[in-house]
Amino acid sequence: MTTQQVKGKVAIITGASSGIGHAIATRLANEGGKIVIADVNEDAGEKIAKEFNANKSEIIAIFHKTDVSKWNELISLFDKTKQTFGQIDIVINNAAITDIENGMLQDSLEEPTHFSKLIEINLMGVIYGTKLAFQYLKQNNPQGGIIINTASITAIHPVFTFGVYCATKSGVISLTRSMAQVSELHNITINAVCPSVTRTGMTAGAIGIPDHWWSSIDDVVEAYFKCIYNPKLNGAIFSVWNKEMREETFENPAPVIEEMIQGNYMLYLSTLEKEKSN
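So the mapping is simple: our numbering equals the position in the sequence shown, first residue as 1, plus 5.
Pasting the structure below:
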């Protein structure tokens with residue numbers, strides 16, 4: 006897929022009212038895409054959609070208030086997108102919060118409710134979004150679609166001050182790599198991007214971080230568009246650190262694990278063939 010091929014494609018982007026999500030949405034809109042801004046920040050989301058639609062002959066963007074931790078709200082998001090634009094081509098599961106409380110190191114017997122919120126938004130939100138993306142993109146026979154999940158550099162290189170956050174983002178990588186094992190059967194690609202510390206509203210109050218640790222939003226967004234433009238990429242995990250984009254590599258699984266993966270793959274393939282014959 007090239008810039009020209011993005012034109013007319015419909016993308017759902019969660020967490021698109023600010024930061025990385027907003028930057029991705031802006032570039033997609035500039036390249037002729039149609040955008041669904043999914044976020045809990047209603048004022049910002051409505052404003053962005055209005056800006057995208059200004060001076061356009063047709064609606065190219067809508068806002069849909071969405072808490073990604075709530076299954077029914079995500080169903081509503083996908084249904085609204087299909088009703089408005091008639092199709093869904095790209096799903097970017099980007100919404101997340103950070104572990105600013107460093108609760109793992111606090112001496113307290115009170116239930117750490119912030120942990121649950123991190124898991125519900127950062128991990129369950131991506132799980133829900135990926136499941137629904139598969140369900141809807143499979144309907145685009147034969148062209149399928151694109152899923153991109155936002156992980157984090159801390160999923161690859163954990164930092165003790167953000168332990169639970171790191172755990173949620175590691176889960177995003179595992180989910181992405183596991184679903185990539187069968188996504189090509191449906192002409193769906195699924196990849197993940199792992200930004201380092203990026204200059205966004207979420208990190209505006211960060212102190213003590215050296216300049217060379219930061220990544221610009223433009224550099225991070227480029228990784229998402231690498232996944233969008235290249236239909237051969239599947240199961241890829243891209244990290245972005247300062248100005249460097251790198252595809253992360255993982256050790257080949259032990260033979261018994263590879264055998265298990267292949268066995269499950271053949272079982273799933275058999276199930277698909279039975280469904281087609283019915």
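Backbone N, C-alpha and C define an ideal beta-carbon position, used for all residues, glycine too.
Answer yes or no: does any C-beta atom of chain B fall closer than 8 angstroms to that of residue i?
i      : result
ASN145 : Absence of chain B from the displayed structure is noted, only one protein chain being present.
Tell me the DSSP secondary structure of residue i in three-state form.
i      : result
ASN35  : helix
LYS14  : coil
TRP246 : strand
GLU3   : This structure cannot speak to residue 3, because the chain is shown only from 6 to 283.
ALA172 : helix
VAL187 : helix
ASP94  : coil
ASP104 : coil
ASP84  : helix
ALA21  : coil
Taking C-alpha atoms, which residue in the options lies nearest to residue i?
i      : options                           : result
ALA172 : ASN127, ILE193, ARG182 and ILE195 : ASN127
SER220 : ALA241, TYR234, ASN247 and LYS87  : ASN247
VAL15  : GLY176, VAL169, VAL41 and PHE68   : VAL41
ASP94  : LYS61, GLY38 and PRO260           : GLY38
PHE120 : THR71, ASP84, GLY168 and SER81    : GLY168
GLN10  : ILE266, ASN269 and TYR234         : TYR234
ASP104 : ASP112, SER113, PRO117 and GLN92  : PRO117
PHE57  : LYS279, ALA28 and PRO147          : ALA28
ALA30  : ILE53, ASN46 and LEU238           : ILE53
ALA101 : TYR170, VAL164 and ASN60          : TYR170
HIS162 : VAL245, LEU123 and SER183         : VAL245
GLU36  : SER113, LYS55 and ILE65           : ILE65
ILE222 : GLY26, MET184 and GLY150          : GLY26
LEU82  : ILE152, THR254, GLU249 and ILE17  : ILE17
Provide the residue span of the alpha helix (DSSP H) that contains residue i, from first to last.
i      : result
VAL225 : 222-234
PRO260 : 260-282
ILE124 : No alpha helix (DSSP H) holds ILE124; DSSP gives it neither H nor E.
Tell me which same chain residues have a C-beta within less than 7 angstroms of the C-beta of residue i, skipping the five on either side of it?
i      : result
LYS174 : ASN127, ALA156, SER157, THR159 and ALA160
GLY134 : THR19, VAL73, LEU79, VAL96 and ASN98
LEU277 : LEU190
Name the two residues that bound the continuous beta strand (DSSP E) containing residue i.
i      : result
PHE68  : 66-70
ALA197 : 193-200
GLY50  : Unbroken run through GLY50 is the alpha helix (DSSP H), 47-58; no beta strand (DSSP E).
GLY130 : Element bounds for GLY130: not the beta strand (DSSP E) but the alpha helix (DSSP H), 130-142.
THR166 : Premise fails: THR166 is in no beta strand (DSSP E) and is neither H nor E.
ASN145 : It is not in any beta strand (DSSP E) - ASN145 carries neither H nor E in the DSSP assignment.
ASN154 : 150-155
Who are the near neighbours of residue i in its chain, counting only those whose CB is closer than 8 angstroms to its CB and skipping five residues on each side?
i      : result
GLU125 : SER74
LEU238 : THR194, ASN196, LYS231 and CYS232
Here's a check: name, in chain order, each residue in its chain whose Cβ is nearer than 6 angstroms to the Cβ of residue i, leaving out the five neighbours to either side.
i      : result
LYS85  : HIS69
GLY50  : SER22, ILE42, ASP44 and PHE68
ASN154 : ASN98, VAL131, VAL177, THR181 and ALA197
* Okay, do the region 188-203 and the region 227-238 touch, 3+ Cβ pairs below 8 angstroms being the bar? -> Touching, yes.
* To do: Take every Cβ of the region 135-148, pair it with every Cβ of the region 174-193, and state whether three or more of those distances are shorter than 8 angstroms.
  => Taking one beta carbon from each stretch, the region 135-148 and the region 174-193 have 3 or more pairs nearer than 8 angstroms; the two touch.
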